[in-house]
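Residue numbers (our numbering), protein chains in the order written: chain A, 87 to 235; chain B, -16 to 480.
Here the structure comes first, spelled out in C-alpha cells, and everything after it is commentary.
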Amino acid sequence: MYKKYPALFLLFFSIYVCVVSWRLGLGSLHKPGSGFMPFWSAVLIAILAIILLVQEIRSARTAAQEERGEKPNWKSIGLTLLFFLAYILSLEYIGFVVGTMLFTAMILRVIEKKRWFLSAWVSVAMAFACYYIFKVWLQAELPRGLIGF
Amino acid sequence: MESVQGLLSGFSVALSLTNILYCFCGCLLGTLVGVLPGLGPAAAIALLFPTAMHIDPVGAVIMLAGIYYGAQYGGSTTSILLNIPGEATSVVTCMDGYQMARKGRAGAALGMSAFGSFIAGTIATLGLVFFAPLLANVALKFGPPEFFSLTVMCMTMVTYLSRGSFIKGLMMVPLGLILASVGMDPHTGTFRFAYGTLTLRDGLGIVPIVMGLFGISEVLLNVGTPVHRTFLKTRIKGLFPTLRDWKASKWPILRGTLLGFGAGVLPGLGLASTFISYGVEKRVSKHPEDFGTGIIEGVAAPEACNNAASQASFIPMLSLGIPTNVIMAMMLGALMVYGITPGPLLLKEHPNLFWGLISSMYIGNCMLLVLNLPLIPLWVQILKIPYSYLFPSILLFCVIGSYTLNNNIGDVIVMFVFGVVGYLMKRFDFEAAPLVLALILGPLLEDNLRQALLISRGSFTVFVTRPISGAFIIVSVAILVSSILRLRPKVEVEEVT
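Right under this line is the structure:
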C-alpha cells in the first residue's frame, strides 16, 4: 500500500514545478524562456506519475502486495540520520576533529553497541587519521569551527 | 598513422613520473573501492574530485580513469570469494567464480579474471585509439540539433536498459533535467529554484548528489538490513591459470572483449553486456550444463567483457562529450571543472590530455595485473573489516568530499538530502543512473535545444529533417515504442545473489 506514495509525491512535486516555471516565463518556441525546460519536464513527470499511480492501484487490487526483502531496521536508520544531520549542522561550530569524534563515537556506541572504551578509541583514531590525510597531506580545507580545527 | 603518432606522444606524457604515480594511485584506489561493497567508483571519483582539482588536468584525469577500470578488477574479487559483487558489473562473475572458489579453485578464478581483464583492457584500449578520433571527426559536423537528438537518444537508451519499471526509469530523466535547471539560467541570467540561498544559486553540484545517491543511500540500506558475509576458509593458491584453463578461456575472453567493446560505446549497455556475454558462452559451449557449477569460461568471458566495456565507454565521452554511464558523467564533470569541454574538438585542443589518458590506460592495465595478483591476500584482509567500522568511514568520506568542493556546508546538506532521497529511491525501485545522467547532460540538452530552436525559428522539424539528427530521433522513438510494447530485455540481477 506504500507503493503509491512515490507516484503521488512526484505528481504534487511536478505541479509545484509547473507553477514556478510558469512564473519564470516559458517564452516562445522561437526563443524559449527560463521556465521552458523545467515546465515541460514537470509535465512529463506528471503524466508518468498518473500512469504509475493507476498501475500501482491496479496491482494492489489484483494481487496482495508482497513486501520487498527483509524489513528495514527503522530505528537504526533513523538514529544514523539524526546523528548524521546533527554532525553536519554542528560542523562549522565545533570543528571537524571534535565533530567527527563525537559522531563516530555515537554511531559505534549507540547503533553498533560497541563498548565505550572501544568506541572512544576508534573515534579519536578516525578523526585524527582523516584530519591528517585530508588536511595535512592532501591540503583540503576542512570545517575549522570556533576552536580552530 | 596519426593515431600511432598521437599514442607515442601520449606515452611520453603518461610515462612522466608524476603521471605514473597518479595512475598508480588511481588503480590502487579503484581496486580498493571495487573490493569494498557499498563504496563504488562513482562515490570514489566524487570523493577525489576536490583533491584532483589541485593537480594538473592530465594527471587528474589519469587518476580518475584509473579508479574506474581499477574497480572493475577489484569487483571480481568479492564476487569470487564472497559471492557478493563488489560492483554491479561483477554480478555474473559470482555464478561460476564463487562455485570455483568453493571447489578450492579460487586462485585460478582470481588469476583468470585478472588476466582476462588485462587482455580485454589492452585490446579495448587499442580500439579506443582508432575509433575515438574517427568518431570525433564525424561529430565535427554536428550542430545543436544533432547534439540535442544524440543526448535524447542516450537518455532513452540508459532508461530503457535500466532495471525495473520503465516508467519509473523514464520519470528520473525529467526529474534530473529539473534538478539541472536549478541555479542561474545562462541565457537570461534569471535564478531558477534558488530561493535566495547561495548554494542553490550556483546550481546543484554533481558531487554531493552522486555521493548522496550512491554512497549515503547504500550505507542506509545496509544499516537497515545488515549484510551477513561468509568467508570461504580456503587458502588461495595457484593464481596462475593452468594451460588447460587457458585453452578453455581464450575464445571466451576474445568474444567477451568484442562484445564488451561494442556495448561500452553504446549508452547504458555496460551492465547488460556481462549478462549477454555469459549467455553467449553458454550457448556456444559444448557443455552448457556445466555453467554455474564453477567453470573457468564463466569467469573469463564476463570479466573480459566488463573491462572492455569500461575502456570503450571513454570513446563517446571523449569524442562526442556524451557520457554513457554515471562514471563517464563524473569524468565529464571533472573535465568541465578545468574548463575543458570533451567533444569533437578535444583531440585538437588538448591532444596531450587525450593521448596521455589513453596511453595511461595501457600502463594502468599492466600495473593492475602486477598489483592485483600479489595483493589479493591484502584485499581479503580488508574485506574482513567489520561493517560497523566501515560505514562511519564512508559517511565521513562523503562529508569531506562534498565539503572540500567549495568549502560550503550547504553542499553537505544537499548530499544529506540526496542520501535520503537515494535511499527511498532504492526502497521503491527507482533507478538513480538516468537521474544523474540527465542532471549532467541537462545544461547541454537545454542549451542545444534553445540554440536549435533559435536557428529553426521555433520549428521542431529541424530535429527530424536533418539526417543525422533524424536518425537519432528515430532510434529514440523506436526504443520508446518497444518499451510500451514490452519488448524490453530483462536484466535479472537479483537471482544471482
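In this text, a Cβ means the ideal position worked out from N, Cα and C, and glycines have one as well.
For this session: Kindly indicate which residue of A/GLY119, A/SER145, A/SER100 has the alpha-carbon position closest to the one of B/ARG433.
Result: A/GLY119
For this session: Using a Cβ cut-off of 7 Å, pull out every chain B residue sitting near A/PHE170, in sequence order please.
Result: Within chain B, the residues near A/PHE170 are LEU378, PHE399.
Exercise. Going by Cα to Cα distance, which pick from B/VAL267, B/GLY(-7), B/LEU133, B/GLY172 is closest to B/PRO450?
Worked result: B/LEU133
Exercise. How about A/ALA146: is its C-beta nearer than 9 Å to some C-beta of chain B?
Worked result: no
Exercise. Any idea what DSSP makes of B/GLU475, helix, strand or coil?
Worked result: Because B/GLU475 carries a pLDDT of 46, less than 50, the predicted location of this residue cannot be relied on, and no value is offered for it.
For this session: Taking only beta carbons into account, state which residues of the segment 108 to 138 of chain A come closer than 9 Å to chain B, listed in chain order.
Result: Residues LEU110, GLY111, GLY113, SER114, LEU115, HIS116, LYS117, PRO118, GLY119, SER120, GLY121, PHE122, MET123, PRO124, TRP126, SER127, ALA128, VAL129, LEU130, ILE131, LEU134, ALA135, ILE137, LEU138.
Problem set entry | Three-state secondary structure (DSSP) of B/GLY347 | helix
Exercise. Would B/ARG440 count as contacting chain A if we go by Cβ distances under 9 Å?
Worked result: yes
Problem set entry | N- and C-terminal bounds of the alpha helix (DSSP H) containing B/GLU332 | Looking at the DSSP string, the run of the alpha helix (DSSP H) that includes B/GLU332 is 329 to 332.
Problem set entry | Buried versus exposed, by CB contacts within 10 Å (16 or more), B/ARG175 | buried
Exercise. So, does the CB of A/PHE214 fall closer than 9 Å to a CB anywhere in chain B?
Worked result: Chain B, which has no Cβ nearer than 9 Å to the Cβ of A/PHE214, makes this no.
Exercise. Does the segment 111 to 119 of chain B come close enough to the segment 418 to 435 of chain B to have 3 or more Cβ pairs within less than 8 Å?
Worked result: no
Exercise. Taking the C-alpha atoms as reference points, what is the distance between A/ILE101 and B/LEU420?
Worked result: Here the alpha carbon of A/ILE101 sits roughly 23 Å from the alpha carbon of B/LEU420.
For this session: Would you verify that the beta carbon of A/ALA206 is, or is not, closer than 9 Å to some beta carbon of chain B?
Result: Residue contact check for A/ALA206 against chain B: no CB pair falls below 9 Å.
Exercise. Shortest alpha-carbon distance to B/SER(-8) belongs to which of B/VAL404, B/PHE297, B/ASN335, B/MET46?
Worked result: Looking at the Cα atoms, B/ASN335 is the closest of the given residues.
Exercise. Using 9 Å as the limit for Cβ to Cβ distance, is A/ILE163 near chain B?
Worked result: yes
For this session: Run the CB neighbour count on B/ALA54, radius 10 Å, all protein chains shown included, and call it buried at 16 or more, exposed below.
Result: buried
For this session: Taking all protein chains shown into account, decide if B/LYS367 is buried (16 or more other Cβ within 10 angstroms of its Cβ) or exposed.
Result: exposed
Exercise. Comparing alpha-carbon positions, which option in B/ILE392, B/ARG440, B/TYR370, B/LEU358 lies nearest B/GLU201?
Worked result: Taking each of B/ILE392, B/ARG440, B/TYR370, B/LEU358 in turn and checking the Cα distance to B/GLU201, the smallest one comes out for B/TYR370.
Exercise. Comparing alpha-carbon positions, which option in A/THR190, A/PRO158, A/LEU171 lies nearest A/VAL208?
Worked result: For the residues A/THR190, A/PRO158, A/LEU171, the minimum Cα distance to A/VAL208 belongs to A/THR190.
Problem set entry | Close beta carbons around B/ALA35, own chain, < 7 Å, minus the five adjacent residues each side | So the list reads ALA43, MET46, LEU47, ALA317, once near-sequence residues are dropped.
Problem set entry | At least 3 beta-carbon pairs within less than 8 Å: the segment 382 to 402 of chain B vs the segment 117 to 133 of chain B | no
Exercise. What is the DSSP secondary structure of B/MET167, counted as helix, strand or coil?
Worked result: Judged by DSSP in its simplified three-state form, B/MET167 adopts strand.
For this session: Over the uninterrupted alpha helix (DSSP H) stretch that includes A/LEU194, give me the two end residues.
Result: Careful: A/LEU194 lies outside any alpha helix (DSSP H) and carries neither H nor E.
For this session: Have a look at A/VAL105 and B/PRO426 and give me their C-alpha separation to the nearest angstrom.
Result: 21 Å
Exercise. A/ILE174 CB to nearest chain B CB: under 9 Å?
Worked result: Under the Cβ distance rule, A/ILE174 counts among the residues neighbouring chain B, one pair being separated by less than 9 Å.
Problem set entry | Paired residues, beta bridge with A/GLY113 - DSSP | A/PRO118
Exercise. Is A/TYR91 buried or exposed, if buried means 16 or more other CB atoms sit within 10 Å of its CB?
Worked result: exposed
For this session: Taking the CB atoms as reference points, tell me whether B/GLY104 and B/GLY339 lie closer together than 9 Å.
Result: no
For this session: Could you tell me the boundaries of the alpha helix (DSSP H) in which B/ALA115 lies?
Result: That run of the alpha helix (DSSP H) goes 89 to 122.
Exercise. Under the rule that 16 or more other beta-carbon atoms within 10 Å means buried, what is B/THR240, buried or exposed?
Worked result: It is buried - the Cβ of B/THR240 has at least 16 other Cβ atoms within 10 Å.
Problem set entry | Alpha-carbon spacing of B/PHE337 relative to B/VAL309, whole angstroms | 20 Å
For this session: Closer than 8 Å by C-beta to B/THR225: which residues in its own chain qualify, once you throw out the five before and the five after it? Chain order, please.
Result: Excluding residues within five positions, the ones whose Cβ falls inside 8 Å are ALA91.
For this session: Go ahead and label B/PHE481 buried or exposed: buried means 16 or more other beta carbons lie within 10 angstroms of its beta carbon, across all protein chains shown.
Result: Because chain B in this structure spans residues -16 to 480, residue 481 of chain B falls outside the shown range and cannot be described.
Exercise. What are the boundary residues of the alpha helix (DSSP H) that B/ARG238 is part of?
Worked result: Taken as a continuous stretch (DSSP letters only), the alpha helix (DSSP H) holding B/ARG238 covers 226 to 248.
Problem set entry | Residue(s) in a DSSP beta bridge with B/ARG175 | B/GLY166
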